[in-house]
Amino acid sequence: MRLGMVIDLKRCIGCYGCQIACKSENGTRPGTTYARVVKREWGEFPNVKKLSIPVLCMHCNDPPCVDVCPTGASQKRDEDGVVFIDREACVGCRACMMGCPYGARYFQDETRDYFEVGENAYEQAAYSAHERGVVEKCDFCRSRLAQGEEPACSANCMCKARIFGDLDDPDSEVRRLIDEHGGFQLNPELGTDPSVYYLPPER
Amino acid sequence: MDISTQLDLRNDTLDLRRQDLAQVYRPQREWIDGRGLLIVVAHFFSGIGAGAWLWSTLYDFDIGRWIAFGCVVGLSGIAHLAFLGRWNRFWRMLKRPHKSWISRGIWSIGLFSLLAVASEIPAIADSAAAKPLVFASVLAACAILAYEGFVYAASKAIPFWNTSLLPVLYVAYGLRGGAALLLIAAALGAGQFDVAAVEAVKLWAIVSTAVLILLYLVSGRRAGGAARESVSALVMGRVSAAFYGGTMIVGIALPIALTAFRETLAIPELVVLGAIGVTSLIGDFYVKYCVVKAGVYTPLVGATGVKRAQNA
Amino acid sequence: MPKHEAIDQASQNDNEDVWIQSACGMCYNQCGIRGHRVDGTLIKIEGNPDNPIGRGRLCARGLAGIQLLYDPHRIDYPLRRTNPEKGIGVDPKWERISWDDALDEITERLATIKENDPRGLYFSGTVICLAPLSHALATFLPAFGTPNSFVSDGHQCGNAEHILARTLHGSVTTNPDVEHCDYLLLFGCQAGLGTYYALTTMAQDVADARDRGMKLVVVDPFLSSAAEKADEWVPIKPGSDGALACAILNLLVNEYRIFDADYLLEHADGPYLLTEDGWYARDPGSNRPLVWDIDAGKPRPFDDPELGQVALEGAYQVEGQTCRTVFETLKGTVAKWTPEAASEVTTIPPDMIRKIARDFGEAACIERTIEIDGRELPHRPAAALYFKGAHGHDNAWPTSMAIELLNEVVGASNVPGGLLGTTPVCDGHPDTGFPRWKPGANEDGLLDAGMLLYNDPYGVVPGWPPPPTDTELPNLRDLIGWPITTCFTPAALTDKENFSFDHKPELLLNYGSNLLMSAARPEVTFEAFKDTFVVSFNLHSDETAEALSDIVLPDTSYMERLDPLPNFTRHHHPVGLGNWGHTIRQPLVEPLHERRHFTEVLLELGQRLGLTETMNLLTNNLYGLVAPHALDPERTYSWREISDQAYRSWFGDEHGLDWFETNGVMRWPKKVEEVFWKPFVHARAPLYNEWLKRAGEQVDEIVEKKGIKGVDTSGFFPLPDWRPCRAHRAREGYDMQAIYYRVPWHTFSMTYENPWLDEISRGEPYSYFICINTKTARAKNITDGDPIEVEGADGGTIRGRARLTEGVHPEVLAVANNGGHWAKGMPFARGKGVFFNQLLPMDLEHSDLVSLSMDCDARVRVTRMAEGA
Ligand SMILES: Nc1nc2c(c(=O)[nH]1)N[C@H]1C(S)=C(S)[C@@H](COP(=O)(O)OP(=O)(O)OC[C@H]3O[C@@H](n4cnc5c(=O)[nH]c(N)nc54)[C@H](O)[C@@H]3O)O[C@H]1N2
Ligand SMILES: Nc1nc2c(c(=O)[nH]1)N[C@H]1C(S)=C(S)[C@@H](COP(=O)(O)OP(=O)(O)OC[C@H]3O[C@@H](n4cnc5c(=O)[nH]c(N)nc54)[C@H](O)[C@@H]3O)O[C@H]1N2
Ligand code: SF4
Ligand code: SF4
Ligand code: SF4
Ligand code: SF4
Ligand code: SF4
Ligand SMILES: [Mo]
């Protein structure tokens, strides 16, 4: 099984719902956005295109982040290809951040709070699952997967632009969409073979 | 009250890291900003330390060896640990030498310190094991010199670094820096040391590193995309002040000028030598600083992505 | 505990782990949510899949609610101003007081006002809190006896659209039936693409429709979220949409002759004859409007059972006058709007206008039918929708008219694929038949909305535009009473030369709205109320509170309160097939600190003032409570009891408050006749607004009598047309127009205080900047990121940083939402984004007097500021 996500650039309206769905699911600290949206614009007025490109960890089949990690904290799960970080093992050297071409990793440095007065009740509860001094990133919502639920960002997307499934299963929705609409990966030339595919915005 | 004056127009109210996300080329920040600077410091010290070890061993310069040891194990070691998010887990970094250059580096530093210490223990130093030990320590020092560049070069995401030229540059600078360190030591009267020999090496090193930098920039420019963006950052962008001031003027032009005009300068020989050493050390620091600072990531939506996404 | 299951309200214990169903309140859409509470702390909000409103998916704002609940800058206790000086940017020096002290003082003041002249109580509120707002408007205020209420947003919001939604669709708002639509034309609106009504549901449906191949054409000066997804982006000069729509109309009815004759004959007033003076020609006996019977060769009342074939087009002699049909008159009126003429105004090339008209007309597939649930219905898969962008101008009315009629002429109105009114027909819950409403026809055969729950002079939504009466009220509710939200109050109060009222605002009760920032230039609102005792119910000590309020009361947020029917008016319900949904809003956590629910405080104030009896009766009226669940006027009820009665009355005894607390939402399938009701209801949509022509004359009379200047009723025109708005007037040196747009992750100004949403804006290129076209900027020597100053021709200056983009009309500056807060009480929001409204005056001159809509774009010039200035 190789878990993956299809992001349909035609459906996505760039609403950033995924960024907050992820943030609230994972209770991440300021500046850490496992899911986020990149905006790009091409062309000249009036023939101009703007595009919202939601990104997350690509769960690369050949993940450079895992290669460069000196501690083995960054790992790829054999059974489903999910790339994750063992928080307990990470030393916070950030080599993985230099290796990841998709900006998927966030160092949890010293003290950054949203509010100048410190953490509120929610933040205290949410951040207790996190550690300082380590690197964090999207893990395809491992804890949700364990309960048989799909990731928070795809479950919530109000345009159903993020579709989650098994890339190895020829009958899966993700496979079908990729085949039908010419799904593509970001920066395939880097040889990372991402498990996140994009569908073209116009078709 | 004029409300519009309440508007905070300062750029820095917007957290840079978040603003980066809006850019096509995201500069890397974790290995340069804030505590991230420590990794540059660490690599600077281990580089010049390893270089100094080589030269001191070659020229049998005892104090130089001590200084080198101090740089690699002391200063660099501390900087390394202080850089880590979780220094108390540092030993975990020994786990993956088969894959990770950092792991290899930590092994080389570790081995180097053991070997260096061992080779200094009188009982061993006088034994037959001394020679192989010293030889091994030299190998370890070479490994230290080499690994640093590879740490950066292994970063797939940052094309400016992701080239075999970078380790060469780092080795060259390490050697150069090591020599500079010894020059300073000599200038401070560390004694019985063949200044002339090192000096020749030094001049050669300065010229060759200058050539290497040029080569590096040209190849970065040629590579296009993010690497080219890094070159622009150095040559005319956010890193240019450090690059021209630190790397080019202080690090290359000044030592060359000092060497060329030392005869005509009415300054004591040793002071000039010391100055050459100091300026090139500063230059060595800045070259690493600049290279690391100039690193920008491959655009998320690379050339192919853009085409497919644009497909319009 | 599994998610869908019961709620354990009582247990705030250590081993608590519950999911609670409720409704979002980060904007007015009231999407279904469920909150996850662990050990007393709310740790997650997500969509409620069981709720048809949102179907389990939320927008960024809805998900970020938690940071509003626990925002350390929220007001937690009643506060009293200690600094006697009021002023914009002046520190009120709040002092904490007790609820008792606060309510004692307010009661005392209110009692005096009530005794002297109840109209001295003014009320303003925010649309975000729909249910409590309606409750206040319909119970407390009329019981107190004041008609002086206004909603902070009206003049910038949907007033023009709401009038037409009522007269043409029997509702308050509209949305397209995208499920059956093939061509959606949006004018300055981002329905389903980031904003507007039923956002989360529409987003799913619009994405599906676009996936299926529905064409999306977006008319917008800015490359907005909606325009980004458009198959065609039509960058228009702001304020000129009416010209574009008139040109499309002209092409459709005159050149291409694409129109739905059957619809216009049967379901609109297309065949009604007009006298030369522009009145409906009427049957002298019955006073019924006349149509031309071709077979009989004579005029007959529209509902004459003996009618033969009726003429849609042409002119006929009736009692010595040449009478044209309404449709013929419409054709004549729009004839001058050739694509070339419209191009001059809109800057859109004539070919593009032709293409849009042709595509729209062809997509409408006149004559096509579709079978849904065994019913054969007309199928018009083309819809034109407009909102804030198009009608936020002082030409709002004719513009809105023109766009609406695009749907009407092709018959794409309240049939599959076309523009639908939002829930104008409801047959009620299958068990109880409640709530129930349906449009009917008035004596002229014209559509009379039926969904409106109450119909008294203080009602938010009167059924049919009431005639103007004398001006005594600053909200102009009497003079111009048909806009749904009244909102002119600050302007009228400050226009001292023109308006003199025999009472003045003694006490302003401000519920949530930040009208100092949202209404117009802050000075207007400040000036209007600076001598008034102001009481704010709010979540934050916002700009309005700090400049004006004497007392600020800490309201509960939507996560801490009970609103039994948060969307009971259902103006925000998804349209189209699917389920009806009646959701509960209930506390996800008990109110923190000393926060109290506004509605409950009003009940207490009512009791203290002796209004309970009337309020109970009005409550019965508002929710339609009937025996045995009607409130007994003699009794005092708690809010929980009232909520319980409302539920029981609507859905039967087995579905009381406790049922809703556990089950969250009551849903049942919609019927085809409820959704696509037009073929089933004999009520005609008026293309011709005779009522407005009459109203114009009456208003003229009144203002003349009163000597009010500047009330220009030339815009009280019964048919669509276009006229320039204020911002089009050439002004030396002012070469650009400034507009605002919304982003999907912010609600007006309030969400700028939310750290998660702020984080979005900081990582996004546009929303905290002023967008300017790259070429325009270059010509003005402005580079990306430069600080710039935008100066309004009608006053006001705003500042921000320039973002150069190709995605904006070259003559336009675009600003997101409503940023640049300066209140001390919203420190997180301070200085973030750009405060636009400084550029907007609020007066008669900048308003459309039919709808009391305001010109939301400004003529400006832009200059680069020195860095660090
Ligand atoms: N995310 C989000 N959703 C919301 C709200 C919110 O604040 N945020 N607010 C709610 C409320 S109260 C309302 S009223 C609705 C508003 O819903 P919309 O009407 O969809 O809101 P806007 O995005 O303000 O306006 C639409 C577009 O009009 C464009 N525009 C400006 N001037 C002109 C013009 O002259 N002509 C044309 N054609 N376009 C123009 C703007 O660039 C903008 O993109 O949304 C509701 N939903
Ligand atoms: N520049 C600019 N101006 C605009 C708009 C725009 O997009 N840009 N939009 C216009 C439109 S269409 C509208 S509808 C108006 C909206 O105008 P407003 O309704 O005034 O909206 P906000 O400015 O966001 O202020 C809302 C206030 O309500 C408070 N609030 C929120 N929830 C609650 C609650 O549960 N209880 C209480 N007591 N208070 C609460 C918030 O704290 C905030 O102070 O703005 C109009 N003005
Ligand atoms: S939530 Fe969905 S539509 Fe919104 S930005 Fe993310 S992927 Fe796009
Ligand atoms: S920061 Fe942690 S996960 Fe990343 S490379 Fe270092 S040890 Fe591995
Ligand atoms: S996207 Fe980055 S973090 Fe994720 S697997 Fe690939 S390289 Fe690793
Ligand atoms: S899969 Fe989960 S962790 Fe990853 S981006 Fe989506 S919500 Fe975040
Ligand atoms: S559309 Fe409005 S009500 Fe719905 S989730 Fe978003 S903010 Fe909440
Ligand atoms: Mo609005």
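Residue numbers (the numbering used here), protein chains in the order written: chain A, 15 to 217; chain B, 684 to 995; chain C, 60 to 928.
Ideal placement from N, C-alpha and C gives every residue a C-beta, glycine not left out.
All of these numbers come straight from a predicted model, not from anything done at the bench.
So which residues of chain A does residue i contact, with C-beta pairs closer than 8 Å?
{"i": "C/Q796", "result": "Those do not exist, as C/Q796 stays about 16 Å from chain A at its closest Cβ, beyond 8 Å."}
{"i": "C/T226", "result": "Near C/T226 there are no residues of chain A at all, since even the closest Cβ is about 32 Å away, more than 8 Å."}
{"i": "C/C118", "result": "C29, G31 and M172"}
Taking residue i as the reference, which of the options has the closest Cα?
{"i": "B/T942", "options": "B/E912, B/I889 and B/Y899", "result": "B/I889"}
{"i": "C/W717", "options": "C/I643, C/F735 and C/R655", "result": "The sequence shown places Asp at residue 717 of chain C, not Trp. Taking only the C-alpha atoms, the option nearest C/D717 is C/I643."}
{"i": "A/C74", "options": "B/I792, B/C973 and B/K839", "result": "B/K839"}
{"i": "C/C216", "options": "C/E733, C/S577, C/S183 and C/K563", "result": "C/S577"}
{"i": "B/A977", "options": "B/L797, B/W736, B/A909 and B/A725", "result": "B/A909"}
{"i": "B/V961", "options": "B/R769, B/V975, B/L848 and B/L865", "result": "B/L865"}
{"i": "C/K997", "options": "C/A442, C/D554, C/Y682 and C/T482", "result": "This structure leaves residue 997 of chain C out entirely; chain C is present only between 60 and 928."}
{"i": "C/D159", "options": "C/N175, C/P143, C/P137 and C/P151", "result": "C/P137"}
What residue range does the beta strand (DSSP E) around residue i cover?
{"i": "A/L17", "result": "L17 to D22"}
{"i": "A/A169", "result": "It is not in any beta strand (DSSP E) - A/A169 instead sits in the alpha helix (DSSP H) that spans A166 to N170."}
{"i": "A/D180", "result": "R176 to D180"}
{"i": "A/E150", "result": "V149 to K151"}
{"i": "C/E430", "result": "T428 to I431"}
{"i": "C/N569", "result": "L566 to Y570"}
{"i": "C/N234", "result": "T233 to P235"}
The alpha helix (DSSP H) with residue i in it runs from where to where?
{"i": "C/R269", "result": "L258 to R271"}
{"i": "C/W158", "result": "W158 to N175"}
{"i": "B/H795", "result": "This sequence places Phe at residue 795 of chain B; His is not what is there. Where B/F795 is concerned, the enclosing alpha helix (DSSP H) stretches over W784 to E803."}
{"i": "C/M725", "result": "Premise fails: C/M725 lies in the beta strand (DSSP E), V724 to P728, not in any alpha helix (DSSP H)."}
{"i": "B/E912", "result": "G908 to M919"}
{"i": "A/K64", "result": "No alpha helix (DSSP H) contains A/K64, which is instead part of the beta strand (DSSP E) from N61 to V69."}
{"i": "C/L872", "result": "C/L872 -> not in any alpha helix (DSSP H); beta strand (DSSP E) instead, spanning V871 to A875."}
{"i": "C/T835", "result": "T833 to A838"}
{"i": "C/R699", "result": "W698 to F710"}
Under 7 Å Cβ-Cβ, which residues of chain F neighbour residue i?
{"i": "C/E865", "result": "Protein chains in the displayed structure are A, B and C, and chain F is not among them."}
Run down chain B in chain order and give the residues with a C-beta less than 8 Å from the C-beta of residue i.
{"i": "C/P824", "result": "A705"}
At 7 Å on the CB atoms, spell out the chain A contacts of residue i, in chain order.
{"i": "B/K839", "result": "P78, G113, P115 and L204"}
{"i": "C/N832", "result": "F59"}
Would you mind telling me which residues of chain C sit closer than 8 Å to residue i, beta carbon to beta carbon, in chain order?
{"i": "A/N75", "result": "What A/N75 touches in chain C: nothing, since even the nearest Cβ is about 28 Å away."}
{"i": "A/F129", "result": "D130, P131, H132, P814 and F887"}
{"i": "A/A160", "result": "Those within 8 Å of A/A160 in chain C number zero; the least Cβ separation is about 15 Å."}
Give the residues from the region 763-776 of chain B that approach chain A closer than 8 Å (Cβ to any Cβ), ordered along the chain. F766, L767, G768, R769, W770, R772, F773, R775 and M776
Using a strict less-than 6 Å threshold between each residue's beta carbon and the heavy atoms of ligand 5, what residues do you get? A/C71, A/M72, A/H73, A/C74, A/P77, A/P78, A/C79, A/V97, A/C114, A/Y116, A/A118, A/R119, A/K151 and A/T206
Short-range partners of chain C found in the region 699-716 of chain B, where Cβ spacing is below 7 Å: R701, Q702, L704 and A705
Where the region 52-64 of chain A meets chain B: residues whose CB sits under 8 Å from a CB there: V52, K53, R54, W56 and K63
Using a Cβ-Cβ cut-off of less than 9 Å, list which residues of the region 85-110 of chain A approach chain B; keep chain order. T85, G86, A87, E102, A103, C104, V105, G106, C107, R108 and A109
What residues from the region 809-824 of chain C come within 7 Å of chain B, judged by C-beta to C-beta, listed N to C? E818, R821, G822, E823 and P824
Residues of the region 822-849 of chain B in Cβ contact with chain A at a cutoff of 8 Å, in chain order, please. V834, Y835, A837, S838, K839, A840, I841 and W844
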